[in-house]
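Residue numbers (my numbering), protein chains in the order written: chain C, 3 to 184; chain F, 3 to 184. Here a beta-carbon is modelled for each residue, glycine too, at the ideal position from N, C-alpha and C.
Number of protein chains: 2
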Amino acid sequence: MICTMSAGRAPERSTRDRLLDAFEGLLVSGGSRAATLDAVAAAAEVSKGGLLYHFHSKDELVEGMLTRLQEQGDADVEKMRSAPQGPVDFYLETSVDSGSDFDRALIAAARVAQENDPRGSAALAALRDAWFGVLSEHVGDEALARTIQLIGDGLYFDDTTGLADPNALSHVRDVLRRLGAL
Amino acid sequence: MICTMSAGRAPERSTRDRLLDAFEGLLVSGGSRAATLDAVAAAAEVSKGGLLYHFHSKDELVEGMLTRLQEQGDADVEKMRSAPQGPVDFYLETSVDSGSDFDRALIAAARVAQENDPRGSAALAALRDAWFGVLSEHVGDEALARTIQLIGDGLYFDDTTGLADPNALSHVRDVLRRLGAL
DNA sequence: GCTACTGTACCGGCTGGACGGTACAGTAGC
DNA sequence: GCTACTGTACCGTCCAGCCGGTACAGTAGC
Chain C
3 MICTMSAGRA
13 PERSTRDRLL
23 DAFEGLLVSG
33 GSRAATLDAV
43 AAAAEVSKGG
53 LLYHFHSKDE
63 LVEGMLTRLQ
73 EQGDADVEKM
83 RSAPQGPVDF
93 YLETSVDSGS
103 DFDRALIAAA
113 RVAQENDPRG
123 SAALAALRDA
133 WFGVLSEHVG
143 DEALARTIQL
153 IGDGLYFDDT
163 TGLADPNALS
173 HVRDVLRRLG
183 AL
Chain F
3 MICTMSAGRA
13 PERSTRDRLL
23 DAFEGLLVSG
33 GSRAATLDAV
43 AAAAEVSKGG
53 LLYHFHSKDE
63 LVEGMLTRLQ
73 EQGDADVEKM
83 RSAPQGPVDF
93 YLETSVDSGS
103 DFDRALIAAA
113 RVAQENDPRG
123 SAALAALRDA
133 WFGVLSEHVG
143 DEALARTIQL
153 IGDGLYFDDT
163 TGLADPNALS
173 HVRDVLRRLG
183 AL
């Protein structure tokens, strides 16, 4: 009745998903100020009325984005756990892989969290806990796991503020090899 | 709540500085959306007319904030260079010292940079380069210096998204001791 | 096979309020 | 009389949310 497309993943991107994509993209590239309803609708090539048909308020748009993030996050944790190069390298690699859908969703959530929205912080905290669990379990050292996580956060931060250093990842790999974490 | 008044500061803070403090405080705690001219004036206990007497536009407010940041940054780099505990520990310590004026100014600049303002990115990039210079010079290892910087960025990121872990700093110290960087 | 109706998806104009900025008259203290 | 404000009134723009309307697919009744 209300939810018509939650069961199967259709290959064609639904309007709803396109709207969430557009919302995330605008949040990432221009901050929350740029992510107006008009801008989101235009970016998704939908009218404003069409947007508000799917999401009755901006708040619902945030809610929808965060829910989708959680789903993507669960999948990511699974991939991390079973990554052939090991969880640590997988984690670091995906921390600078700013092109992926998941990464964009993460940065968008960080923007929302910065606006004092507790839902954004909660969603990020849940993900961090899950990552830390895998990291900690794999390296068997809480201090090292937390440090690796901080490095990942630093890679994010640089990316989101336009300060990214292309050599950063190889430097980090070098240092982590010395610590026996890679 | 946010601590706007800290003991030990001179009681004679100029209206101009109070306005910049308020602007930074609002940017940090609520993002750029919360930092409206009305809100800044109210937080500084100045009328809107009074605000616009000092800063003729919001743009000038940003400019003033970034200029003050650069001054604070120059002083910080000096302090870092001559810190008794060494530049690395000083850098990490100040990365989590979210109560300081300088830290608030930094986070505020990051917010501005995220809104696609090149002046914000430039100010942060200049500071990062200065820090990296001191770090790199001290540890004599580019990869390690960059990694330490990323850890510092990670500590910031966590702080700004409300994900701060109180044990993070001691964990990092532990790991850096293993690397001979502390 | 036609009518009447329902639900889904979407369009685009509109409004009220917030926000950036202007203008200016007044005033307290040096 | 100058600096450093206060307070009020106002303007244009932007934005969230609302609403009336369109198109169309399905379907129930006759």
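Any C-beta of chain C under 8 Å from that of residue i
{"i": "F/H56", "result": "no"}
{"i": "F/D176", "result": "yes"}
{"i": "F/H173", "result": "yes"}
{"i": "F/E117", "result": "yes"}
{"i": "F/L181", "result": "yes"}
{"i": "F/E26", "result": "no"}
{"i": "F/T6", "result": "Note that F/T6 scores 35 on pLDDT, short of 50, meaning its location in the model is unreliable; the coordinates nonetheless yield the value given after this. Closer than 8 Å: no."}
{"i": "F/P13", "result": "At F/P13, the pLDDT of 44 sits below 50, so the modelled position is not reliable; the number obtained from the coordinates is stated separately. Cβ-Cβ to chain C under 8 Å: no for F/P13."}
{"i": "F/D78", "result": "no"}
Nonlocal neighbours in the same chain, by C-beta distance under 6 Å from residue i, ignoring five residues either side
{"i": "F/I109", "result": "V30 and T162"}
{"i": "F/D160", "result": "A166"}
{"i": "C/T96", "result": "none"}
{"i": "C/A46", "result": "R20, L21 and A24"}
{"i": "C/I4", "result": "Low local confidence applies: a pLDDT of 29 at C/I4 is under 50, so the model's placement there is unreliable, with the coordinate-based value given in what follows. Within the same chain, C/I4 has no close Cβ partners at all."}
{"i": "F/D61", "result": "none"}
{"i": "F/P2", "result": "Residue 2 of chain F lies beyond the residue range present for chain F, which begins at 3 and ends at 184; the question has no answer from this structure."}
Supposed contact pair residue j and residue i - C-beta distance, whole angstroms, cut 8 Å
{"i": "C/H173", "j": "F/A145", "result": "4 Å"}
{"i": "F/R121", "j": "F/V64", "result": "7 Å"}
{"i": "C/V79", "j": "C/A132", "result": "5 Å"}
{"i": "C/A125", "j": "C/L71", "result": "6 Å"}
{"i": "C/T149", "j": "F/I150", "result": "Actually they are not in contact, since the Cβ atoms of C/T149 and F/I150 sit about 10 Å apart, beyond 8 Å."}
{"i": "C/L129", "j": "C/G75", "result": "5 Å"}
Own chain residues within Cβ distance below 8 Å of residue i, not counting five before or after
{"i": "F/A85", "result": "D91 and F92"}
{"i": "C/M67", "result": "L22, F25, E26, A107, A110, A111 and V114"}
{"i": "C/R15", "result": "D23"}
{"i": "F/D99", "result": "D105"}
{"i": "C/L181", "result": "L146"}
{"i": "F/D119", "result": "V64"}
{"i": "F/F134", "result": "A147, R148 and Q151"}
Distance cut-off 7 Å: residue i Cβ against heavy atoms of the ligand COA
{"i": "F/D40", "result": "Ligands are entirely absent from the displayed structure, and the ligand COA is therefore not among its contents."}
Proximity of residue i and residue j at Cβ, strictly below 8 Å
{"i": "F/A43", "j": "F/S49", "result": "yes"}
{"i": "C/R35", "j": "F/S59", "result": "no"}
{"i": "C/D155", "j": "F/G156", "result": "yes"}
{"i": "F/E117", "j": "C/G32", "result": "yes"}
{"i": "F/V141", "j": "F/A183", "result": "yes"}
{"i": "F/L39", "j": "F/L53", "result": "yes"}
{"i": "C/R175", "j": "C/V136", "result": "no"}
Any chain F beta carbon closer than 8 Å to residue i
{"i": "C/A170", "result": "yes"}
{"i": "C/R70", "result": "no"}
{"i": "C/E144", "result": "yes"}
{"i": "C/G10", "result": "At C/G10, the pLDDT of 33 sits below 50, so the modelled position is not reliable; the number obtained from the coordinates is stated separately. Not one chain F Cβ lies under 8 Å of C/G10."}
Cβ neighbours of residue i in the same chain (closer than 7 Å, five flanking residues each side left out)
{"i": "F/D138", "result": "The sequence given here has Ser at residue 138 of chain F, not Asp. Only E144 and A147 meet the Cβ criterion."}
{"i": "C/A37", "result": "F25, L28 and L29"}
{"i": "C/R18", "result": "H56"}
Short-range partners of chain F found in the segment 146 to 166 of chain C, where Cβ spacing is below 8 Å
L146, R148, T149, Q151, L152, I153, G154, D155, G156, L157, Y158, F159, D160, T162, T163, G164 and L165
For the segment 121 to 136 of chain C, list every residue whose C-beta sits within 7 Å of some C-beta in chain F, in sequence order.
Within the segment 121 to 136 of chain C, the residues whose Cβ lies closer than 7 Å to some Cβ of chain F are S123, L126, A127 and R130, listed in chain order.
Counting only Cβ-Cβ distances shorter than 8 Å, please list the residues of the segment 28 to 53 of chain C near chain F, keeping chain order.
S31, G32, G33, S34, R35 and A36
By the 8 Å beta-carbon criterion, what residues does the segment 91 to 115 of chain F contribute toward chain C?
Those residues of the segment 91 to 115 of chain F placed with their C-beta closer than 8 Å to a C-beta in chain C are A112, R113 and A115, ordered along the chain.
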